[in-house]
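Quick note on full-length UniProt numbering: the sequence shown kicks off at 1 and runs consecutively. Here the structure comes first, spelled out in structure tokens, and everything after it is commentary.
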Amino acid sequence: MRCVKALQLTLAVVKPDAVAHPLILEALHQKILQNFIIVRKKDLMWRTEDSERFYAEHAGRFFYQRLVEFMSSGPMRAYILAREDAITHWRGMMGPTKVNTTHGSDSVDSAKREISFFFPEFNADEWMSREEPRFRLGLTEYNEERQIHTLQDT
1 MRCVKALQLT LAVVKPDAVA HPLILEALHQ KILQNFIIVR KKDLMWRTED
51 SERFYAEHAG RFFYQRLVEF MSSGPMRAYI LAREDAITHW RGMMGPTKVN
101 TTHGSDSVDS AKREISFFFP EFNADEWMSR EEPRFRLGLT EYNEERQIHT
151 LQDT
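Dropping the structure here:
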């Protein structure tokens, strides 16, 4: 994937109900692969406390407890995705909030905050300055085993 504009990062999360079904999970992964550069991928399981911290801004709202319980009910898959206008593109692919099986950041600020929550070892600013230019030029290859894109050896 070769781009003219700078790449944008976004967080994409596949929720427990989709991860529970291997065929759905694989179909989502393939759809992501067709539309994005996969910068990082992580399979994880949240404790209730993790879910409460991530969704703290919604505490007290009618859906909060149900959301917290659901998001800590089983394994999830988190991705850092890149492409031009990644946030808008991913949110367009997700569909309506009430029926989707995914989560996506809604702004650049949210993406940075949410990426650091799921991937504390990842420095988005450093990636943008050091790696983004090479990713943008298409100097990547897909690592089948890790299921992410990596920079080609030059």
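C-beta: ideal position from N, C-alpha, C; glycine also.
Same chain only: Cβ atoms within 7 Å of residue i, ignoring 5 sequence neighbours per side
i: residue 90; result: 10, 12, 81 and 104
i: residue 124; result: 9, 112 and 115
Candidates the options: closest to residue i by CA position
i: residue 83; options: 138, 113 and 51; result: 138
i: residue 42; options: 116, 87, 34 and 92; result: 116
i: residue 151; options: 108, 40 and 56; result: 40
Local conformation of residue i per DSSP, three classes
i: residue 134; result: helix
i: residue 68; result: helix
i: residue 7; result: coil
i: residue 81; result: strand
i: residue 53; result: helix
i: residue 139; result: coil
i: residue 47; result: coil
i: residue 150; result: strand
i: residue 102; result: strand
i: residue 12; result: strand
CB-CB length for residue i against residue j, believed under 8 Å
i: residue 20; j: residue 136; result: Residue 20 to residue 136, Cβ: 35 Å. No contact.
i: residue 23; j: residue 14; result: Not a contact, Cβ separation roughly 13 Å.
i: residue 86; j: residue 119; result: That pair is no contact at about 15 Å.
i: residue 75; j: residue 16; result: 6 Å
i: residue 77; j: residue 33; result: Incorrect: roughly 13 Å between the Cβ atoms, too far for contact.
Same chain only: Cβ atoms within 6 Å of residue i, ignoring 5 sequence neighbours per side
i: residue 133; result: none
i: residue 51; result: 68, 71 and 72
i: residue 100; result: 94
i: residue 147; result: 41
i: residue 56; result: none
C-beta neighbour in chain B for residue i, strict 8 Å
i: residue 117; result: Of the protein chains in this structure there is only one, and it is not chain B.
8 Å CB neighbourhood of residue i in its chain, flanking five on each side removed
i: residue 108; result: 8 and 87
i: residue 106; result: 87 and 91
i: residue 47; result: 72
**Message:** With a threshold of 8 Å, are at least 3 pairs of Cβ atoms found where one atom belongs to the segment 64 to 74 and the other to the segment 140 to 147?
**Reply:** no
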